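Structure, as structure tokens:
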Amino acid sequence: MLHHNLITPDTKMADAIHMNYLLLPVINRFEIKLGFGDKTVEEVCTENKVNLSFFLDITNTYHDKSYFPKEKMRTYPVELIIDYLLKTHRYYFDQLLPEVEAMVEELLASCPADCDNLGLIKDFYKKYKQELEYHLKNEEQKFFPYVKALTQLEGTGQSLHSIRRQYNFSYSTHSEEHDNVISKMLDLKNIIIKYLPPNYDTAKGNNLLYWLFVFEEDLKDHERLEDIILVPALKRIEEKFTKN
Amino acid sequence: MAQRIVIAESSYLMKRGISAVISDIVQAEIVFVNGMDELNHYLETNLVDYVFVDEELLNNREEREFFFQLQEKTIYIALSENPKNFPGSNNFFALIDKKSPKENLIPLLEETLENKPYAKNNKDSILSERETEVLKQVALGYTNQQIAERLFISKHTVISHRKNITSKLGIKSVSGLTVYAVLNNLIPKDQI
């Protein structure tokens with residue numbers, strides 16, 4: 001497969017957004033805002049002190065699902081990746097989760113009568129929101145600090161075992177939580193697409209569904225970075241220390 | 245309906261060849277990918293009926309496991325130079341010897357390509373009576389073991405019903421299935 005349509009250092013930042021407007025929240029995570037004029041991606045990155053190559057890989061993997069230069073991405077410092085992931089969490093916490101919740105509430109409020117069934121969808125979303133928040137907080141409190149501690153382990157005299165105990169991080173729980181987060185989002189979309197009771201407001205229903213699609217794409221990208229880049233990096237460091 | 249087929253094979257001659265042979269047998273939309281990374285990413289966002297993979301691309305164990313987790317219904321077929329030495333062929337529906345003569349190759353491909361996983365599924369997406377029964381029990385919060393005891397079937401059968409339910413409805417989680425069950429009046433709302 002050829003990647004014709006990738007963003008390069010010479011692409012105008014404005015053109016990158018024309019190519020794929022879903023990149024907007026992604027570039028915001030690099031503290032880059034609209035109003036680029038005719039500046040190229042490289043110019044905007046230099047101005048904002050952003051690692052150009054990392055920026056290109058993140059935006060291109062987001063833009064083109066078949067593009068994922070795994071080996072190259074594994075060479076970035078984990079702090080850089082974690083910083084990006086944390087910004088993504090903020091986007092979920094501060095924007096997507098509350099906004100989607102408001103959309104679910106609005107959908108329910110638009111229902112004239114017999115709204116019990118729509119209420120079920122609201123309950124499902126509320127529960128999902130709690131689970132996702134729990135998962136994200138877990139990552140912030142256990143997973144990311146554990147990764148950081150491991151990368152700084154050398155020379156501290158601390159053992160792998162003690163760090164592991166300190167952060168109490170489990171690969172299997174982490175990966176189960178990922179599966180759960182992704183598959184419930186798919187469930188929610190399917191319940192709405194296939195089985196939504198007819199007493200709802202079309203515009204509000206469509207709006208909710210649109211944002212669920214956006215949310216899902218973002219989540220998948222987020223999980224992919226963790227599962228394919230961060231977790232193997234972690235395992236490599238662990239192996240190194242078990243051998244010594 | 246055309247079969248959706250992906251071919252992951254490095255040799256240009258091989259991939260043109262296999263795609264020509266497939267096109268003689270079924271109506272197919274064929275996509276070529278180079279290497280496992282591209283294959284994985286293609287499978288993440290596209291529903292595929294068949295994947296033909298060159299065994300030489302399957303040397304890395306980690307990648308092999310990852311790619312098999314992606315799509316349950318997709319049928320995987322290995323292309324091998326030396327099928328006798330092919331490792332871990334359990335995940336593959338069929339193993340095709342690249343050197344096999346036409347009279348062996350064509351019947352094997354015909355048999356393989358007649359499975360049509362997605363096409364078959366689309367026609368038959370209504371739950372059977374037994375599946376509906378299992379779904380109700382799931383929605384009421386029973387575990388696989390409990391459902392097996394209550395319906396006098398084996399746990400294995402429960403699991404296989406649940407797989408079919410998920411693939412027909414597109415809903416996997418217990419809470420999602422519960423919402424479905426209430427929306428469709430299979431169980432009363434006050435029972436959840």
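Protein chains in written order, with the numbering used here: chain A, 1 to 244; chain B, 245 to 436. In this text, a Cβ means the ideal position worked out from N, Cα and C, and glycines have one as well. Remember, predicted model here, so these are calculated numbers, not experimental data.
Here's the rule: buried if 16 or more other CB atoms are within 10 angstroms of the residue's CB, otherwise exposed. What is residue i?
i	result
residue 366 of chain B	Unreliable placement is indicated for residue 366 of chain B, whose pLDDT of 45 sits below 50; no coordinate value is reported for it.
residue 317 of chain B	exposed
residue 252 of chain B	buried
residue 358 of chain B	exposed
residue 48 of chain A	exposed
residue 248 of chain B	buried
residue 117 of chain A	buried
residue 161 of chain A	exposed
residue 139 of chain A	buried
residue 240 of chain A	exposed
Under a three-way DSSP split, which group does residue i fall into?
i	result
residue 276 of chain B	strand
residue 97 of chain A	helix
residue 251 of chain B	strand
residue 338 of chain B	strand
residue 33 of chain A	coil
residue 261 of chain B	helix
residue 366 of chain B	Model confidence at residue 366 of chain B stands at a pLDDT of 45, short of 50, so the residue's coordinates are unreliable and nothing is read from them.
residue 203 of chain A	helix
residue 40 of chain A	strand
residue 220 of chain A	helix
residue 319 of chain B	strand
residue 295 of chain B	strand
residue 12 of chain A	strand
residue 361 of chain B	Residue confidence is low: residue 361 of chain B scores 49 on pLDDT, short of 50, so the model does not pin down where it sits. No coordinate-derived value is stated.
residue 162 of chain A	helix
residue 419 of chain B	helix
residue 398 of chain B	coil
residue 324 of chain B	strand
residue 5 of chain A	coil
residue 60 of chain A	helix
residue 225 of chain A	helix
residue 410 of chain B	helix
residue 90 of chain A	helix
residue 113 of chain A	coil
residue 432 of chain B	coil
Please confirm if residue i has its CB atom under 8 Å from at least one CB of chain A.
i	result
residue 415 of chain B	yes
residue 286 of chain B	yes
residue 189 of chain B	No statement about residue 189 of chain B is possible, as the shown extent of chain B runs from 245 to 436 and does not include it.
residue 256 of chain B	no
residue 395 of chain B	no
residue 433 of chain B	yes
residue 427 of chain B	yes
residue 423 of chain B	yes
Say the cut is 7 Å; is the CB of residue i nearer than that to a heavy atom of the ligand GTP?
i	result
residue 279 of chain B	Summarising the ligand content, the structure contains no ligands, and the ligand GTP is consequently not present.
Determine the closest residue to residue i out of the options, with distance taken between C-alpha atoms.
i	options	result
residue 326 of chain B	B:320, B:319, B:317 and B:341	B:341
residue 175 of chain A	A:104, A:224 and A:96	A:224
residue 29 of chain A	A:80, A:43 and A:42	A:80
residue 57 of chain A	A:47, A:73, A:48 and A:44	A:73
residue 206 of chain A	A:216, A:192, A:178 and A:218	A:192
residue 380 of chain B	B:356, B:411, B:324 and B:405	B:405
residue 59 of chain A	A:167, A:102, A:209 and A:22	A:22
residue 246 of chain B	B:301, B:293 and B:279	B:293
residue 300 of chain B	B:288, B:255, B:272 and B:274	B:255
residue 97 of chain A	A:129, A:196 and A:33	A:129
residue 434 of chain B	A:94, A:38, A:120 and A:13	A:120
residue 212 of chain A	A:232, A:138, A:100 and A:15	A:100
residue 275 of chain B	B:260, B:344 and B:269	B:260
residue 372 of chain B	B:321, B:413 and B:352	B:413
residue 278 of chain B	B:295, B:401 and B:387	B:295
residue 85 of chain A	A:173, A:137 and A:20	A:137
residue 68 of chain A	A:6, A:93 and A:33	A:6
residue 165 of chain A	A:89, A:146, A:201 and A:178	A:146
residue 237 of chain A	A:70, A:32, A:78 and A:35	A:78
residue 135 of chain A	A:169, A:110, A:200 and A:229	A:169
residue 250 of chain A	A:107, A:194, A:40 and A:26	Only positions 1 to 244 of chain A appear in the structure, and residue 250 of chain A is not among them; the question remains open.
residue 350 of chain B	B:271, B:282 and B:265	B:265
Strictly under 8 Å for the Cβ-Cβ distance: is residue i near chain B by that measure?
i	result
residue 68 of chain A	yes
residue 65 of chain A	yes
residue 240 of chain A	no
Near-chain B residues of the stretch 100-129 of chain A (beta-carbon distance less than 7 Å), N- to C-terminal order
Within the stretch 100-129 of chain A, 116, 117, 120, 121, 124 and 127 place their CB atoms closer than 7 Å to a CB of chain B, listed in sequence order.
Taking beta-carbon pairs under 7 Å, can you tell me which members of the stretch 265-299 of chain B lie near chain A?
Residues of the stretch 265-299 of chain B with a C-beta atom less than 7 Å from some C-beta of chain A are 277, 278, 281, 282, 285, 286, 288 and 289, listed in chain order.
Just by C-beta distance, which residues in the stretch 377-393 of chain B are closer than 7 Å to chain A?
Listed in sequence order: no entries.
Any C-beta of chain B within less than 9 Å: which residues of the stretch 187-210 of chain A qualify?
For the stretch 187-210 of chain A, which is checked against every Cβ of chain B, the residues closer than 9 Å are 187, 188, 189, 190, 191, 193, 194, 195, 196 and 197.
Which residues of the stretch 160-187 of chain A have a Cβ closer than 8 Å to any Cβ of chain B? Give them in chain order.
Only those residues of the stretch 160-187 of chain A whose C-beta falls short of 8 Å from the nearest C-beta of chain B are listed: 180, 183, 184, 186 and 187.
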